[in-house]
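Worksheet: one structure, shown below.
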Amino acid sequence: MTDSHPARMGHIPEFVTAPSAPPIYQTTAFDVPDLDVLADLHFGRSKGYIYTRDSNPNHAALGRSVAMLEGAESGAVFASGMGAIGAVLMTLAKAGDHIIAARSLYGVTLKLIHRLEQQWNLRVSYVDACDCQAVAAAVTESTRLCLIETISNPLLEVADLPAVAAALHGIPLIVDSTFTTPETIRPLEHGAAVVVHSASKYLNGHGDVMLGVAAGEKALIRRIAETASLFGQNANPFESWLTQRGLRTLPLRMRHVCQTAEQLAQHLQTRPEVSAVYHPSLASHATHAAAQRLYPHGTTGIVTIRLRGEGREVVNRFMQAAQSIPFSPTLADSRTTISHPATTSHAFMKRADREAVGITDELVRISVGLEPAELLISEINAALTACVGV
96 MTDSHPARMG HIPEFVTAPS APPIYQTTAF DVPDLDVLAD LHFGRSKGYI
146 YTRDSNPNHA ALGRSVAMLE GAESGAVFAS GMGAIGAVLM TLAKAGDHII
196 AARSLYGVTL KLIHRLEQQW NLRVSYVDAC DCQAVAAAVT ESTRLCLIET
246 ISNPLLEVAD LPAVAAALHG IPLIVDSTFT TPETIRPLEH GAAVVVHSAS
296 KYLNGHGDVM LGVAAGEKAL IRRIAETASL FGQNANPFES WLTQRGLRTL
346 PLRMRHVCQT AEQLAQHLQT RPEVSAVYHP SLASHATHAA AQRLYPHGTT
396 GIVTIRLRGE GREVVNRFMQ AAQSIPFSPT LADSRTTISH PATTSHAFMK
446 RADREAVGIT DELVRISVGL EPAELLISEI NAALTACVGV
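For any residue, its number in our numbering is found by taking its place in the sequence shown, counting from 1, and adding 95.
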């Protein structure tokens, strides 16, 4: 038999079975019967797949799911959240152009923009995303986009998306919604042109993938996906599959972490070892009013605190005392984790620049997991008492 050689074994004819769970298409390429079919696939005259770097059934399924959740025409999948942001920037801006960026962006996003300033001569206006007048004043004839976050990392400042979009007068607003997800806000409904996520975080929810997604108008997402393909920013099919599975529990997970984060934030305001607590649900938060208006069903599962004391040592003691809550330079895992922005996400920044935007050495970011609120509060209380104490 011609198929008896090991190199030819194991191929399963398409649609022989109907699995209740979607299969994983872990393949580099897809077989085609002839050049006519190949041409139809290549030019979009028929649906199908040729090469996983360009598209794959698992990527397409996840892209459709994210688009549906975000109320978008189309969605695409990337190797990481940074891959998605990089593809957006390289699609919409070119050397010498001007963009507007929130000065409180995720540290690695800022690092990428700084690199483009140096290598592309990209001109950048850094603004307070909560100051719509500053956004409007930054617009020039060569402005190609404005990049902000729904809720900033790590101080959780809420951007007034409709007001920012209005201030841009049609310039594409790109919104990183990693901290929120479509369960709490859909940026496209508030004037954004593209919404991006690090799907490694809440969309997946289990801390076991590296993935990014973007959603928006079909033609624009196609251009962004083509850019990503040219730079090899394609995702792994298994990670798309894992994230698709994670989406099934997104509403339950987001409801729990948002409610727990609110309880934790309220409680931590009473602790003498904590000098400041940041969560948009708190009346004391600078952007509480915007949060109430834009986020009627909760905001995020992140709580940031500033420990009373000086320097990294107070954070070290807290980490060592919080034995049951691991340090992890990420967020939105199923378990609660803590991180130190000054030495992780914003480590590349000069101390003066970090401190100018409120990221001091005493700042700790808590990513609330799926544990009961009472357990988490008890563990953090014990860690605060043991390590800081007043």
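Don't be surprised by glycine CBs; every beta carbon is placed ideally from N, CA and C.
Item to complete: Rounded to whole angstroms, what's the CA-CA distance from Val-485 to Arg-403? Just pull it up for me.
Response: If you number the sequence shown from 1, residue 485 lands on position 390. If you number the sequence shown from 1, residue 403 lands on position 308. Bear in mind that a pLDDT of 44 at Val-485, under 50, signals an unreliable position, so the model cannot answer this.
Worksheet entry | Straight-line gap, Ser-293 to Arg-366 (C-alpha atoms, nearest Å) | Here residue 293 refers to the residue found at position 198 when the sequence shown is read from its first residue. Here residue 366 refers to the residue found at position 271 when the sequence shown is read from its first residue. Each residue's alpha carbon lies about 32 Å from the other.
Worksheet entry | Alpha-carbon to alpha-carbon, Ile-280 and Val-127 | The count along the sequence shown starts at 1 and reaches residue 127 at position 32. The count along the sequence shown starts at 1 and reaches residue 280 at position 185. Approximately 42 Å between the Cα atoms of the pair.
Worksheet item: Just how far apart, CA to CA, sit Gln-298 and Val-409?
Response: As a working mapping, residue 298 is identified with position 203 in the sequence shown. As a working mapping, residue 409 is identified with position 314 in the sequence shown. Reading the sequence as shown, one finds Leu at residue 298 and not Gln. Distance between the alpha carbons of Leu-298 and Val-409: 33 Å.
Worksheet item: Span of the alpha helix (DSSP H) holding Arg-318?
Response: Start at 1 with the first residue of the sequence shown, and residue 318 comes out as number 223. Run containing Arg-318: 313 to 325, per the alpha helix (DSSP H) assignment.
Worksheet entry | Reduced DSSP category for Ser-335 - H, G, I as helix; E, B as strand; rest coil | Counting from 1 along the sequence shown, the entry for residue 335 is found at position 240. Of the three classes helix, strand and coil, the one that applies to Ser-335 here is helix, per DSSP.
Worksheet item: Could you give the distance in angstroms between the alpha-carbon of Ala-371 and the alpha-carbon of Gln-364?
Response: The residue labelled residue 371 in the question sits at position 276 within the sequence shown. The residue labelled residue 364 in the question sits at position 269 within the sequence shown. Spanning the two alpha carbons is a distance of roughly 7 Å.
Item to complete: Output the distance between the C-alpha atoms of Pro-136 and Pro-375, rounded to the nearest integer angstrom.
Response: Reading the sequence shown from its first residue, position 41 is the one you call residue 136. Reading the sequence shown from its first residue, position 280 is the one you call residue 375. The amino acid occupying residue 136 in the given sequence is Leu; Pro does not appear at that position. C-alpha separation (whole angstroms): 48 Å.
Worksheet item: Can you pull the DSSP bridge partners for Ala-309?
Response: To locate residue 309, count along the sequence shown from 1; it is residue 214. DSSP lists Ala-171, Val-291 as partners of Ala-309.
Worksheet item: Looking at the structure shown, is Met-104 part of a helix, part of a strand, or coil, going by DSSP?
Response: On the sequence shown, residue 104 is found 9 positions in, with the first residue counted as 1. Because the pLDDT of Met-104 is 44, which lies under 50, any placement of that residue in the model is unreliable, and the number read from its coordinates should be weighed accordingly. The answer is coil: DSSP assigns Met-104 none of H, G, I, E or B.
Worksheet entry | Integer-rounded CB distance, given that Ile-243 should sit under 8 Å from Val-259 | Stepping through the sequence shown from its first residue, residue 259 is reached at position 164. Stepping through the sequence shown from its first residue, residue 243 is reached at position 148. Yes, they are in contact, since the Cβ atoms of Val-259 and Ile-243 sit about 6 Å apart, within 8 Å.
Discussion item. Here's a check: name, in chain order, each residue in its chain whose Cβ is nearer than 7 Å to the Cβ of Ile-319, leaving out the five neighbours to either side.
Written reply: Counting from one through the sequence shown, the residue named residue 319 turns up at place 224. Here the set comprises Ala-171, Ala-182, Val-183, Thr-186, Ala-309.
Item to complete: Would you check if the distance between the CB atom of Tyr-373 and the CB atom of Thr-355 is smaller than 9 Å?
Response: One-based indexing of the sequence shown puts residue 373 at position 278. One-based indexing of the sequence shown puts residue 355 at position 260. Going by C-beta atoms, Tyr-373 is not nearer than 9 Å to Thr-355.
Worksheet item: Hey, Ala-156 and Gln-339: beta-carbon distance below 9 Å or not?
Response: As a position in the sequence shown, residue 156 is number 61, starting the count at 1. As a position in the sequence shown, residue 339 is number 244, starting the count at 1. A contact, by the Cβ cut-off of 9 Å.
Fill in: Asp-255 classed as buried or exposed, judged by whether at least 16 other C-beta atoms fall within 10 angstroms
What you label residue 255 is simply residue 160 of the sequence shown in a count that begins at 1. Burial call: buried.
Discussion item. Does the segment 158 to 172 come into contact with the segment 191 to 207, if we say contact requires no fewer than three beta-carbon pairs (one atom in each stretch) closer than 8 Å?
Written reply: no
Practice prompt. Please name the residue in Leu-337, Leu-347, Met-177, Ala-134 whose C-alpha comes closest to that of Ile-119.
Written response: Walking along the sequence shown from the start, residue 119 turns up at place 24. Comparing Cα positions, the closest option is Leu-337.
Worksheet item: Do the CB positions of Gly-307 and Thr-344 come within less than 9 Å of each other?
Response: As a working mapping, residue 307 is identified with position 212 in the sequence shown. As a working mapping, residue 344 is identified with position 249 in the sequence shown. The answer is no: Cβ separation not under 9 Å.
Discussion item. Quick check: the Cα distance between Met-104 and His-154, rounded to an integer number of angstroms?
Written reply: As a working mapping, residue 104 is identified with position 9 in the sequence shown. As a working mapping, residue 154 is identified with position 59 in the sequence shown. Bear in mind that the predicted position of Met-104 carries a pLDDT of just 44, short of 50, making it unreliable; the figure below should be weighed with that in mind. Straight-line Cα distance between these residues: approximately 26 Å.
Fill in: Member of Asp-448, Phe-326, Gln-415, Pro-267 whose CA lies at the smallest distance from the CA of Gly-311
In the sequence shown, the residue the question calls residue 311 occupies position 216. Comparing Cα-Cα distances from Gly-311 to each of Asp-448, Phe-326, Gln-415, Pro-267, the minimum goes to Pro-267.
Fill in: Beta-carbon contacts of Ala-417 that lie in its chain and below 6 Å, excluding the five residues immediately before and after
Position 322 of the sequence shown, counted from the first residue, corresponds to residue 417. The residues are Ala-478.
Practice prompt. Tell me where the beta strand (DSSP E) around Thr-238 begins and ends.
Written response: The residue you call residue 238 lines up with position 143 of the sequence shown. That run of the beta strand (DSSP E) goes 238 to 244.
Item to complete: From the DSSP output, read off the bridge partner residues of Phe-422.
Response: To locate residue 422, count along the sequence shown from 1; it is residue 327. Paired residues: Ile-433.
Worksheet entry | Helix, strand or coil at Val-485 [DSSP, three-state] | Taking the first residue of the sequence shown as 1, we reach residue 485 at position 390. Low local confidence applies: a pLDDT of 44 at Val-485 is under 50, so the model's placement there is unreliable, with the coordinate-based value given in what follows. In the structure shown, Val-485 sits in coil (DSSP, three-state: anything other than H, G, I, E or B).
Worksheet entry | Minimum C-alpha distance to Cys-227 - residue among Pro-257, Thr-235, Gly-202, Ala-360 | Within the sequence shown, residue 227 is the residue found at index 132, counting from 1. Of the listed residues, the one whose Cα sits closest to Cys-227 is Pro-257.
Worksheet item: By Cβ distance below 8 Å, which residues in the same chain neighbour Leu-207 in space, the five residues on each side in sequence not counted?
Response: Position 112 of the sequence shown, counted from the start, is the residue given in the question as residue 207. For Leu-207, where only same-chain residues beyond five positions count, the Cβ hits under 8 Å are Met-177, Ile-180, Gly-181, Leu-184.
Worksheet entry | Leu-347, buried or exposed, once every other Cβ within 10 Å from all chains shown has been counted against 16 | For the purposes of this step, residue 347 is identified with residue 252 of the sequence shown, where counting begins at 1. Classification of Leu-347: exposed, given that the 10 Å Cβ count is below 16.
Worksheet entry | Cα-Cα separation between Glu-469 and Phe-138, rounded to whole angstroms | In the sequence shown, residue 469 corresponds to position 374, counting from 1. In the sequence shown, residue 138 corresponds to position 43, counting from 1. Between Glu-469 and Phe-138, the C-alpha separation is close to 57 Å.
Discussion item. Distance cutoff 9 Å, beta carbons only. Does Val-270 sit that close to anything in chain D?
Written reply: The displayed structure is made up of one protein chain only, and chain D is not part of it.
Discussion item. Less than 9 Å between the beta carbons of Ile-246 and Thr-204, yes or no?
Written reply: Translated into the one-based positions of the sequence shown, residue 246 becomes position 151. Translated into the one-based positions of the sequence shown, residue 204 becomes position 109. Not in contact: Ile-246 and Thr-204 (Cβ atoms no closer than 9 Å).
Practice prompt. List the residues that DSSP assigns as beta-bridge partners of Thr-399.
Written response: Taking the first residue of the sequence shown as 1, we reach residue 399 at position 304. Its beta-bridge partners are Tyr-373, Arg-460.
Item to complete: Within the same chain, show all residues whose beta-carbon is closer than 6 Å to that of Val-352, passing over the 5 residues directly before and after it, in chain order.
Response: In the sequence shown, counting from the first residue as 1, residue 352 sits at position 257. These residues qualify, in order along the chain: Gly-396, Val-463.
Discussion item. Let me check one thing: in DSSP terms, what residues is Ser-220 bridge-paired to?
Written reply: Taking the first residue of the sequence shown as 1, we reach residue 220 at position 125. Beta-bridge pairing links Ser-220 to Ile-195.
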